[in-house]
Amino acid sequence: MFRLIDMLNIICMMKFNFAVLSLTLLTLILGGCTTQPARDKGSPPESSSQSTSNQLHVDPSLQREEAISRARRVSQVSYDLNFDLTKGEQEFSGAVKISFSYKPGSEQDLRIDYAKGKITEFSINGQITQPAYDGFRLLAPASMLKNGINQIKINFVSPFSNKGHGLVIFKDPQDQRVYAYTQLEPYDANRVFPCFDQPDLKATYAMQVKVPSHWQVISSVRESK
Numbered sequence: 017m018f019r020l021i022d023m024l025n026i027i028c029m030m031k032f033n034f035a036v037l038s039l040t041l042l043t044l045i046l047g048g049c050t051t052q053p054a055r056d057k058g059s060p061p062e063s064s065s066q067s068t069s070n071q072l073h074v075d076p077s078l079q080r081e082e083a084i085s086r087a088r089r090v091s092q093v094s095y096d097l098n099f100d101l102t103k104g105e106q107e108f109s110g111a112v113k114i115s116f117s118y119k120p121g122s123e124q125d126l127r128i129d130y131a132k133g134k135i136t137e138f139s140i141n142g143q144i145t146q147p148a149y150d151g152f153r154l155l156a157p158a159s160m161l162k163n164g165i166n167q168i169k170i171n172f173v174s175p176f177s178n179k180g181h182g183l184v185i186f187k188d189p190q191d192q193r194v195y196a197y198t199q200l201e202p203y204d205a206n207r208v209f210p211c212f213d214q215p216d217l218k219a220t221y222a223m224q225v226k227v228p229s230h231w232q233v234i235s236s237v238r239e240s241k
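Counted the way the working numbering counts, the sequence shown spans residues 17 to 241.
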């Protein structure tokens, strides 16, 4: 199995008003990148319906060969994350901007791991598109990716977990306080947000969390502001 290092470690108490906290952390960045002129933004993306269809008809779990192939094509990953935990105890919303260097080497669409959520908006390098999604993986069309630096922006809604995986929510039966925390065991980070969920695709990230103002937010790093 594969693991993305726990990026959230939030312990919260339910109150009312809102606050926004911004957290940042740098970790190891892998590899370099190559560049060449991008495809003309005015031209329509090439069709990838056949490769998309084939990819979604196989086992949705991340396979070893698939992870190896993705690591060859993707490097220099960073995540700009925003979470809104003020929408109740059933689900939370978020947005992620994934920046990465891409090296074409396969006609297959690029997999982004994301389990059991809803996609409300998806764009690649500024172009809004409708990704293929089967509840376990998103497929970014290879025809819309360029050699070099790419940005994928995703708005999403995810359920809180009550089974100990992902972003867990728990109400103390004694005092009725609500606690939310992450449990990102191997291959559970994608239960919280869309990502490349494998350990050799290390990343930098910045994070903002919108919470009720009386919650206490704890992370592995200090607030940047």
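Virtual Cβ for every residue (Gly too), placed ideally from N, Cα, C.
Being a predicted model, the structure only gives us computed values, none of them experimental.
- For N166, the secondary structure class from DSSP, reduced to helix, strand or coil, is strand.
- Taking a cut-off of 8 Å for Cβ pairs, the region 159-169 and the region 106-121 touch, as three or more such pairs fall below it.
- Note on S229: under 16 other CB atoms within 10 angstroms of its CB, so exposed under the neighbour-count rule.
- Contact between Q224 and N98 holds, with the beta-carbon distance rounding to 5 Å and staying under 8 Å.
- E81: member of the alpha helix (DSSP H) spanning R80 to R89, first to last residue.
- In this structure, A222 is the residue among P76, A222 and S139 with its C-alpha nearest to the C-alpha of D96.
- With fewer than 16 neighbouring CB atoms inside 10 Å of its own CB, Q146 falls in the exposed class.
- S109 carries a strand assignment under DSSP once its states are collapsed to helix, strand and coil.
- Distance from the CA atom of L154 to the CA atom of A148, rounded to whole angstroms, is 6 Å.
- Of the other Cβ atoms in all chains shown, fewer than 16 fall within 10 Å of the Cβ of V237; this residue is therefore exposed.
- With a 10 Å radius around the Cβ and a threshold of 16 neighbouring Cβ atoms, G133 comes out buried.
- Scanning F209, E123, Y203 and D213 for the CA closest to the CA of F108 turns up F209.
- Residue pairing of Y118 in beta bridges, as defined by DSSP: V90 and G164.
- With fewer than 16 other CB atoms across the displayed protein chains lying within 10 angstroms of its CB, N178 is exposed.
- Proximity to M160 across D125, I84, I135 and A111 peaks at D125, based on C-alpha coordinates.
- The beta carbons of S122 and S85 sit closer together than 8 Å.
- For R127, the CB contacts under 7 Å within the same chain, skipping 5 residues up- and downstream, are E82, R86, R153 and L155 in chain order.
- In the DSSP assignment, S139 falls within the unbroken beta strand (DSSP E) covering K134 to I140.
- G104 is the residue among G104, Q143 and V173 whose C-alpha sits nearest the C-alpha of V227.
- Boundaries of the beta strand (DSSP E) around I185: G182 to K187.
- Annotation for I128: the continuous beta strand (DSSP E) segment containing it runs L126 to D129.
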